[in-house]
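Comments concern the structure below.
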Amino acid sequence: MDIKLPRLAEGVETGTVVSILVAEGQQIKKDQPIIELETQKAVGSIPAPDSGTVTKIHIKEGMEIAVGQVLISLQPASGSSAVTGPTATPAQSLPPKPTTRRAEPPTQSYASPAEEASSNRLGDFRYESSVGVPPPAAPSIRKIARELGIDLTRIRGSQAGGRLVLEDLRAYVQWLQQIAFQHGAAPAAPPQASAGAAARPAEAVDFSKWGPVRREQMSALRRTVSQRMSQAWAIPKINQFDDADITGLLVLRKKYAAAYEKKQAHLTLTPFILTVVAKALRKYPRINTSIDEAAHEIVFKDYCHIGVAVDTEAGLIVPVLRDVDKKSLVELARELNQLTIKTRARKVAIEDLQGATFTISNQGSIGGGYFTPIIYAPQVAILGVAQGTSKPVVSDGKIVVRTLMPLCLSYDHRVLDGGDAVRFLKEIVNGLESFPDAEAKLK
Numbered sequence: 024m025d026i027k028l029p030r031l032a033e034g035v036e037t038g039t040v041v042s043i044l045v046a047e048g049q050q051i052k053k054d055q056p057i058i059e060l061e062t063q064k065a066v067g068s069i070p071a072p073d074s075g076t077v078t079k080i081h082i083k084e085g086m087e088i089a090v091g092q093v094l095i096s097l098q099p100a101s102g103s104s105a106v107t108g109p110t111a112t113p114a115q116s117l118p119p120k121p122t123t124r125r126a127e128p129p130t131q132s133y134a135s136p137a138e139e140a141s142s143n144r145l146g147d148f149r150y151e152s153s154v155g156v157p158p159p160a161a162p163s164i165r166k167i168a169r170e171l172g173i174d175l176t177r178i179r180g181s182q183a184g185g186r187l188v189l190e191d192l193r194a195y196v197q198w199l200q201q202i203a204f205q206h207g208a209a210p211a212a213p214p215q216a217s218a219g220a221a222a223r224p225a226e227a228v229d230f231s232k233w234g235p236v237r238r239e240q241m242s243a244l245r246r247t248v249s250q251r252m253s254q255a256w257a258i259p260k261i262n263q264f265d266d267a268d269i270t271g272l273l274v275l276r277k278k279y280a281a282a283y284e285k286k287q288a289h290l291t292l293t294p295f296i297l298t299v300v301a302k303a304l305r306k307y308p309r310i311n312t313s314i315d316e317a318a319h320e321i322v323f324k325d326y327c328h329i330g331v332a333v334d335t336e337a338g339l340i341v342p343v344l345r346d347v348d349k350k351s352l353v354e355l356a357r358e359l360n361q362l363t364i365k366t367r368a369r370k371v372a373i374e375d376l377q378g379a380t381f382t383i384s385n386q387g388s389i390g391g392g393y394f395t396p397i398i399y400a401p402q403v404a405i406l407g408v409a410q411g412t413s414k415p416v417v418s419d420g421k422i423v424v425r426t427l428m429p430l431c432l433s434y435d436h437r438v439l440d441g442g443d444a445v446r447f448l449k450e451i452v453n454g455l456e457s458f459p460d461a462e463a464k465l466k
């Protein structure tokens with residue numbers, strides 16, 4: 024049987040092989056991990072759907088693979104099921120693969136811009152992936168194709184691993200237009216991808232002309248961050264700033280930190296911020312929304328899942344704490360500590376990275392000052408937290424030294440106006456400055 028990469032989660036079509044955990048000729052058991060795969064920002068193992076002997080490994084470490092692609096071939100053990108699920112396909116029982124290519128002259132064919140440039144000819148009009156699924160593409164590309172009624176299996180992706188980008192889709196649509204306008208006349212080759220952020224540079228720059236260089240392949244995580252941030256940058260964003268006086272909050276944290284440690288809960292400022300933000304989201308539910316652009320609707324969410332940005336050696340990862348508004352301070356401190364450790368060890372699951380309604384990026388622990396965070400779409404706002412510093416302030420007509428913590432709320436102006444942002448941020452400031460002792464005290 025051929026063991027193929029199963030569909031892992033909504034919107035996850037590809038992954039990068041981190042390590043191969045089996046060898047050819049090895050006996051493996053059902054549910055035994057066979058590879059570790061990096062998908063988006065998570066690393067997880069893929070289990071074997073059946074027991075048997077590994078006869079062939081079809082992938083290599085560092086390779087980008089798509090859903091449905093063959094990972095290994097397995098000779099099932101005697102008595103085991105030849106087919107255990109959608110990830111296993113018995114090679115010996117497959118009928119000859121029917122051809123899906125249309126018998127048309129080359130002039131009625133289509134190839135992606137990259138293939139046209141490399142082969143100097145047009146390929147077959149219909150291209151069907153060897154794994155029977157569309158080529159890997161960003162959710163935004165699939166959404167556009169869905170709205171236009173375009174079958175993505177007909178398009179060849181021009182990027183690494185067959186990934187399809189907007190230029191490929193645009194070139195295919197233009198080719199179809201030429202067919203329609205010419206009423207069956209032989210169309211010209213699709214135009215090359217126009218210059219843009221997603222297009223490959225026309226000419227690579229040789230930086231070594233000016234001195235020694237070192238190249239490093241972008242990891243799957245860094246490519247995901249690049250793609251997400253490029254999409255987020257298109258959001259019409261406004262930044263709202265304020266300072267929170269956390270002098271009293273620091274005293275409260277110090278008062279209960281030792282007791283929390285005995286409960287395996289590391290009490291930092293972030294659990295306090297989580298608690299206050301969750302209350303503010305409940306009071307101002309418009310911050311806890313997303314836009315459904317296809318339906319022209321604002322989606323109000325009756326749950327409060329908050330993402331917390333974690334700095335790791337591999338890059339920024341944002342795991343999600345569920346139902347923050349329903350948990351106590353000690354529960355949040357314990358869960359946040361466990362989730363942070365798991366994230367930095369790259370043991371976080373895909374499910375732990377999805378479903379957030381709001382995000383907090385706290386740079387205070389590493390000494391970060393003022394900054395403007397980028398909204399993590401499809402959310403409509405994100406809170407940036409900087410390091411608290413001692414400053415002289417006027418209180419009751421006297422100059423006193425207080426610890427002020429800079430805050431920045433970045434918000435989507437399509438959904439929120441300045442008044443919404445000011446009221447929400449003031450609610451957070453007031454909550455941090457007057458956090459009740461009773462809520463921090465362990466019961």
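Going by the working numbering, the sequence shown wraps up at 466, each residue one higher than the last. The C-beta atom is built at its ideal place from N, Cα and C for all residues, glycine as well.
Nearest candidate by alpha-carbon position, reference residue i, set the options
{"i": "residue 416", "options": "255, 266, 81 and 250", "result": "266"}
{"i": "residue 389", "options": "444, 333 and 366", "result": "333"}
{"i": "residue 450", "options": "168, 303, 97 and 425", "result": "303"}
{"i": "residue 38", "options": "59, 49 and 237", "result": "59"}
{"i": "residue 20", "options": "171, 293 and 240", "result": "Coverage of the chain is limited to positions 24 through 466, which leaves residue 20 absent and any answer about it impossible."}
{"i": "residue 442", "options": "276, 370, 179 and 264", "result": "264"}
{"i": "residue 268", "options": "314, 362, 43 and 454", "result": "454"}
{"i": "residue 370", "options": "96, 342, 420 and 94", "result": "342"}
{"i": "residue 357", "options": "282, 381, 379 and 424", "result": "282"}
{"i": "residue 384", "options": "329, 241 and 420", "result": "329"}
{"i": "residue 77", "options": "420, 48 and 181", "result": "48"}
{"i": "residue 254", "options": "386, 399 and 178", "result": "399"}
{"i": "residue 40", "options": "95, 75 and 24", "result": "95"}
{"i": "residue 82", "options": "98, 27, 166 and 75", "result": "27"}
{"i": "residue 423", "options": "242, 270 and 452", "result": "270"}
{"i": "residue 241", "options": "276, 337 and 305", "result": "337"}
{"i": "residue 380", "options": "233, 168, 344 and 367", "result": "344"}
{"i": "residue 249", "options": "260, 161 and 316", "result": "161"}
{"i": "residue 272", "options": "296, 360, 325 and 193", "result": "296"}
{"i": "residue 311", "options": "447, 331, 275 and 164", "result": "447"}
{"i": "residue 98", "options": "57, 24, 316 and 354", "result": "24"}
{"i": "residue 378", "options": "173, 335, 318 and 326", "result": "326"}
{"i": "residue 459", "options": "305, 315, 274 and 288", "result": "274"}
{"i": "residue 317", "options": "44, 168, 85 and 79", "result": "168"}
{"i": "residue 382", "options": "245, 231 and 339", "result": "339"}
{"i": "residue 257", "options": "163, 228, 387 and 180", "result": "163"}
Per DSSP, cross-strand counterpart(s) of residue i
{"i": "residue 61", "result": "39 and 66"}
{"i": "residue 50", "result": "76"}
{"i": "residue 189", "result": "DSSP output for residue 189 lists no bridge partner at all."}
{"i": "residue 385", "result": "408"}
{"i": "residue 428", "result": "267"}
{"i": "residue 421", "result": "418"}
{"i": "residue 338", "result": "335"}
{"i": "residue 344", "result": "329"}
{"i": "residue 56", "result": "70"}
{"i": "residue 88", "result": "38"}
{"i": "residue 413", "result": "426"}
{"i": "residue 261", "result": "434"}
{"i": "residue 160", "result": "187"}
Beta-carbon proximity list for residue i, same chain, < 8 Å, skipping 5 on both sides
{"i": "residue 143", "result": "Legend: pLDDT at residue 143 = 34, less than 50; position of this residue unreliable, value from coordinates given subsequently. None."}
{"i": "residue 279", "result": "290, 463, 464 and 465"}
{"i": "residue 235", "result": "none"}
{"i": "residue 391", "result": "409 and 410"}
{"i": "residue 355", "result": "294, 297, 298, 344 and 347"}
{"i": "residue 418", "result": "425"}
Close beta carbons around residue i, own chain, < 6 Å, minus the five adjacent residues each side
{"i": "residue 211", "result": "Any reading at residue 211 needs caution, since the residue's pLDDT is 45, under 50, leaving its predicted position unreliable; the model's value is listed next. Nothing meets the Cβ criterion."}
{"i": "residue 412", "result": "none"}
{"i": "residue 20", "result": "Residue 20 lies beyond the residue range present for the chain, which begins at 24 and ends at 466; the question has no answer from this structure."}
{"i": "residue 414", "result": "427"}
{"i": "residue 363", "result": "333"}
{"i": "residue 315", "result": "322"}
{"i": "residue 173", "result": "none"}
{"i": "residue 195", "result": "178"}
Any non-hydrogen atom of the ligand SAM within 7 Å of residue i CB
{"i": "residue 366", "result": "No copy of the ligand SAM appears in this structure; indeed no ligand is present at all."}
Residues near residue i by beta carbon distance below 7 Å, same chain, minus five either side
{"i": "residue 353", "result": "283, 286, 288 and 465"}
{"i": "residue 365", "result": "371"}
Checklist entry - Whole alpha helix (DSSP H) runs in the stretch 274-333 with 4 or more residues, listed along the chain? => result The qualifying runs are 292-306.
Checklist entry - At a cut of 8 Å, does the stretch 78-96 reach the stretch 183-194 through at least three beta carbon pairs? => result Yes: at least three Cβ pairs fall under 8 Å.
Item to check | the stretch 393-411 / the stretch 430-439 touching (three or more Cβ pairs under 8 Å) | outcome: Segments in contact, yes.
Checklist entry - For the stretch 348-361 against the stretch 299-316, are there 3 or more C-beta pairs whose distance is under 8 Å? => result Yes, since at least three Cβ pairs between the stretch 348-361 and the stretch 299-316 fall closer than 8 Å, the two stretches touch.
Checklist entry - Are the stretch 43-56 and the stretch 68-82 in contact at 8 Å, needing three or more beta carbon pairs? => result Contact check between the stretch 43-56 and the stretch 68-82: three or more CB pairs, one atom from each, fall below 8 Å, which counts as touching.
Next on the checklist: So, does the stretch 425-433 touch the stretch 382-398, judging by three or more C-beta pairs under 8 Å?
Outcome noted: Result yes; three or more Cβ-Cβ pairs closer than 8 Å.
Next on the checklist: If we require 4 or more residues per run, which alpha helix (DSSP H) segments fall completely within the stretch 427-457?
Outcome noted: Runs of the alpha helix (DSSP H) lying entirely within the stretch 427-457 and spanning at least 4 residues, in chain order: 441-456.
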